[in-house]
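Chains A and B, in that order, give the protein sequences.
Here the working numbering is used: the first residue of the first sequence is 1, the next is one more, and so on.
Here the working numbering is used: the first residue of the second sequence is 1001, the next is one more, and so on.
Glycine included, each C-beta is placed from N, C-alpha and C at the ideal position.
First comes the structure, then the notes that go with it.
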Amino acid sequence: MRFLLVEDSPVLARSVRDLLALDGHGVDHAATLAEAEDCLASASYDLMLLDIGLPDGDGRGFLARQRRAGRDMAVIMMTARSAVADRVDALDGGADDYVSKPFEMAELEARIRAVLRRRGGAAQTLRHFAGVAFDPLAATVTIAGETRDLRARELRLFEILLAAPGRIFSKDHLCDRVFSYAECVSDNAIEVYVGRLRRKLAGSAARIETVRGLGYRLTGP
Amino acid sequence: MQIDLSQAAFSMLGAAAQDRLFWRIVVGDETLTGYDDLPLPATAPTGPAPFVYAARYRGADLRIAAVARGVMAGERPQPALILLGQTRDGQRAIAGRLAHGAVLAGLGFFVLAVPLALVFANSVLAPVSNLARAVADRGPADLRPVDHPAPRELAPLVAALDSFIARLRLTLGQTETFIAEAAHHIRTPLATVRTEAEIALREARDDETRARLRSVIRAVDESARSAGQLLDHAMVAYRSRRMDAAEIDLRETLAALARSFAPTADLRDIALTVDPGNGPARVRGDRVMVESALRNLIDNALKYSAAEGAVHLTLDCAAGRVTVGVRDTGRGLAGMDAGALTARFRRGPNVGDVVGSGLGLTIVDEVARAMGGDFALVPAEGGGTLARLSLPAC
Chain A
1 MRFLLVEDSP
11 VLARSVRDLL
21 ALDGHGVDHA
31 ATLAEAEDCL
41 ASASYDLMLL
51 DIGLPDGDGR
61 GFLARQRRAG
71 RDMAVIMMTA
81 RSAVADRVDA
91 LDGGADDYVS
101 KPFEMAELEA
111 RIRAVLRRRG
121 GAAQTLRHFA
131 GVAFDPLAAT
141 VTIAGETRDL
151 RARELRLFEI
161 LLAAPGRIFS
171 KDHLCDRVFS
181 YAECVSDNAI
191 EVYVGRLRRK
201 LAGSAARIET
211 VRGLGYRLTG
221 P
Chain B
1001 MQIDLSQAAF
1011 SMLGAAAQDR
1021 LFWRIVVGDE
1031 TLTGYDDLPL
1041 PATAPTGPAP
1051 FVYAARYRGA
1061 DLRIAAVARG
1071 VMAGERPQPA
1081 LILLGQTRDG
1091 QRAIAGRLAH
1101 GAVLAGLGFF
1111 VLAVPLALVF
1121 ANSVLAPVSN
1131 LARAVADRGP
1141 ADLRPVDHPA
1151 PRELAPLVAA
1161 LDSFIARLRL
1171 TLGQTETFIA
1181 EAAHHIRTPL
1191 ATVRTEAEIA
1201 LREARDDETR
1211 ARLRSVIRAV
1221 DESARSAGQL
1231 LDHAMVAYRS
1241 RRMDAAEIDL
1251 RETLAALARS
1261 FAPTADLRDI
1271 ALTVDPGNGP
1281 ARVRGDRVMV
1291 ESALRNLIDN
1301 ALKYSAAEGA
1311 VHLTLDCAAG
1321 RVTVGVRDTG
1331 RGLAGMDAGA
1341 LTARFRRGPN
1351 VGDVVGSGLG
1361 LTIVDEVARA
1371 MGGDFALVPA
1381 EGGGTLARLS
1391 LPAC
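Here it is as structure tokens:
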């Protein structure tokens, strides 16, 4: 998916972009509202991540102008200011959702997914692998015409494995991505979810192999 | 030597009915007529003006006037002294009567004036005390302009009050802006650190580095949370003083909050459900404060629930109260009650490694108080906790 990130702190912008890129998303960065305006005029985006306080104005006013101009892309505001007041404003001003800084990447991704799902989503999000049709927005896998729902953690696990089929992911790595860092109590926790995901993928050629001592990998036919 | 006292003089002397008169006329050393023991003045008067003095005579206080004249006795001029004394009973009686009358008149006036003054003062001061009551009744939190009918004379007072309130609001507004700015300056660098640490964690291969990065992220989350809660707490404190009174539909608010928390709940596969009940669920108050309280409750419920647990939100309207219930399947209260857990920076003994600041429930409790509601935490049936925030309906 293609995102426009409007954020004036260059370090934060770079790391958010890098993180989203790690998950296979394309991110354009605008440091000011003027740059954002140029980006919006020349390309189309699935979603805009918009900071509230920018050097040349307030993100909320900018969003209101975009909405009036008929631009209807999904928008998630990022606020670093005091919690609720700004969030109320942001949503009233036409944002689909907001995250407060600092945010967990998994939370941002979950919110992006939820917003896109609410808006009816983009059709091109459907991904195919070894007889599995995976729809991350709807959180389903379809195998031989049968659609199965994935729970959030099963979905995240499948997304991570699917990003690099054949690559071995360590249990630690999967733990960090699937659970919040504070929750990852034991390596066994991830085994539970691997087991569930295997059952959801049953009937397809997709396999989650255990590589003893190293972790897991997704393999096709 | 002879002296002629005319009839007219005698009748004049007799005019003062209650007083006795004494006279004495002395020529040379001889008393010609009158009371020969009437006291003489201490010094002989000179000049034509009478000399007046007081003396005690025959058991009475006298005022005596003495006049000196020269008379011809034979061939030689002789000094003559005419004394006229009068007792002071009549004078005293008149003075007494006058004084008595004055006292009576004064009393009468007083008796009449007091109720009149009271009535008058009341009617003049009633608008002032009405105004005072209107200002006093609004409580310490209310900083809306004075909107109270007052007579023209009080307009300057009302204007002064309003301008004072406006200045106070401005100060509070500046504080709010400051809080927002402070939050911005704290959170932006924290966001950078957190995101960078996440990237590093994804790329790190050895366990020690990963463990270190995890504790960095945890520390960032803790400081972000504490900063956020401190600022929220300050915000609620200031807002409760300003108290915008908008009508809030709690059903709508709760539905919006449930939507907003859904991705967070989803991250840990927690089922977040709402039972909006039926009937009106409107309250009057500050929207930001209400949302702040509800957010803290839902956030707590999600935080302390185990993965794949459930958080259920309910709305009840009964007896002029709207009650929001937030029920979780978490670790429970460990015997603590709302009173203990709403204390600042106080957390339960069973929080484990859940990140928190100990201010969330303080905020909820303060919002409840500011809006005339109340807040309770009770163990839920079948484990977990039920938080109840009850607010007066409007």
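Beta carbon proximity, residue i to chain B, threshold 9 Å
{"i": "residue 3 (chain A)", "result": "no"}
{"i": "residue 94 (chain A)", "result": "no"}
{"i": "residue 159 (chain A)", "result": "no"}
{"i": "residue 55 (chain A)", "result": "no"}
{"i": "residue 100 (chain A)", "result": "yes"}
{"i": "residue 163 (chain A)", "result": "no"}
{"i": "residue 75 (chain A)", "result": "no"}
{"i": "residue 29 (chain A)", "result": "no"}
{"i": "residue 105 (chain A)", "result": "yes"}
{"i": "residue 97 (chain A)", "result": "yes"}
{"i": "residue 62 (chain A)", "result": "no"}
{"i": "residue 212 (chain A)", "result": "no"}
{"i": "residue 42 (chain A)", "result": "no"}
{"i": "residue 167 (chain A)", "result": "no"}
{"i": "residue 19 (chain A)", "result": "yes"}
{"i": "residue 176 (chain A)", "result": "yes"}
{"i": "residue 172 (chain A)", "result": "yes"}
{"i": "residue 15 (chain A)", "result": "yes"}
Distance between beta carbons of residue j and residue i, contact taken as under 8 Å
{"i": "residue 130 (chain A)", "j": "residue 221 (chain A)", "result": "6 Å"}
{"i": "residue 5 (chain A)", "j": "residue 16 (chain A)", "result": "6 Å"}
{"i": "residue 114 (chain A)", "j": "residue 1263 (chain B)", "result": "5 Å"}
{"i": "residue 1032 (chain B)", "j": "residue 1057 (chain B)", "result": "So it is not a contact: roughly 19 Å between Cβ atoms."}
{"i": "residue 1194 (chain B)", "j": "residue 102 (chain A)", "result": "4 Å"}
{"i": "residue 157 (chain A)", "j": "residue 137 (chain A)", "result": "Not confirmed; about 17 Å, so no contact."}
{"i": "residue 1368 (chain B)", "j": "residue 1282 (chain B)", "result": "Incorrect: roughly 17 Å between the Cβ atoms, too far for contact."}
Proximity test, Cβ basis, 9 Å: residue i and chain A
{"i": "residue 1210 (chain B)", "result": "yes"}
{"i": "residue 1175 (chain B)", "result": "no"}
{"i": "residue 1372 (chain B)", "result": "no"}
{"i": "residue 1249 (chain B)", "result": "no"}
{"i": "residue 1298 (chain B)", "result": "no"}
{"i": "residue 1263 (chain B)", "result": "yes"}
{"i": "residue 949 (chain B)", "result": "This structure gives no information on residue 949 (chain B), because the portion of chain B shown stretches from 1001 to 1394."}
{"i": "residue 1143 (chain B)", "result": "no"}
{"i": "residue 1260 (chain B)", "result": "yes"}
{"i": "residue 1180 (chain B)", "result": "yes"}
DSSP state of residue i mapped onto helix, strand, coil
{"i": "residue 1320 (chain B)", "result": "coil"}
{"i": "residue 137 (chain A)", "result": "coil"}
{"i": "residue 69 (chain A)", "result": "coil"}
{"i": "residue 1057 (chain B)", "result": "strand"}
{"i": "residue 1274 (chain B)", "result": "strand"}
{"i": "residue 1018 (chain B)", "result": "coil"}
{"i": "residue 1367 (chain B)", "result": "helix"}
{"i": "residue 1050 (chain B)", "result": "coil"}
{"i": "residue 105 (chain A)", "result": "helix"}
{"i": "residue 204 (chain A)", "result": "coil"}
{"i": "residue 1388 (chain B)", "result": "strand"}
{"i": "residue 117 (chain A)", "result": "helix"}
{"i": "residue 1003 (chain B)", "result": "coil"}
{"i": "residue 56 (chain A)", "result": "coil"}
{"i": "residue 216 (chain A)", "result": "strand"}
Contacts around residue i, its chain only, beta-carbon distance under 7 Å, and the 5 residues preceding and following it disregarded
{"i": "residue 58 (chain A)", "result": "52"}
{"i": "residue 27 (chain A)", "result": "3, 5, 17, 20 and 21"}
{"i": "residue 60 (chain A)", "result": "52, 89, 90 and 93"}
{"i": "residue 1305 (chain B)", "result": "1270, 1311, 1328, 1329 and 1330"}
{"i": "residue 1337 (chain B)", "result": "1377"}
{"i": "residue 1255 (chain B)", "result": "1274 and 1276"}
Residue range of the unbroken beta strand (DSSP E) whose run includes residue i
{"i": "residue 209 (chain A)", "result": "207 to 211"}
Bounding residues of the alpha helix (DSSP H) (the contiguous stretch that carries residue i)
{"i": "residue 1179 (chain B)", "result": "1155 to 1203"}
{"i": "residue 1292 (chain B)", "result": "1287 to 1304"}
{"i": "residue 1115 (chain B)", "result": "1089 to 1137"}
{"i": "residue 222 (chain A)", "result": "Residue 222 (chain A) is absent from the model: chain A starts at 1 and stops at 221."}
{"i": "residue 10 (chain A)", "result": "10 to 22"}
{"i": "residue 1260 (chain B)", "result": "1250 to 1267"}
{"i": "residue 178 (chain A)", "result": "171 to 178"}
{"i": "residue 150 (chain A)", "result": "Per DSSP, residue 150 (chain A) belongs to no alpha helix (DSSP H) and is neither H nor E."}
Residues near residue i by beta carbon distance below 6 Å, same chain, minus five either side
{"i": "residue 153 (chain A)", "result": "178 and 193"}
{"i": "residue 1169 (chain B)", "result": "1143"}
{"i": "residue 1179 (chain B)", "result": "1231, 1234 and 1235"}
Sequence-distant residues of its chain with Cβ nearer than 8 Å to residue i (five each side left out)
{"i": "residue 1204 (chain B)", "result": "1210 and 1213"}
{"i": "residue 1045 (chain B)", "result": "1051, 1066, 1067, 1068 and 1081"}
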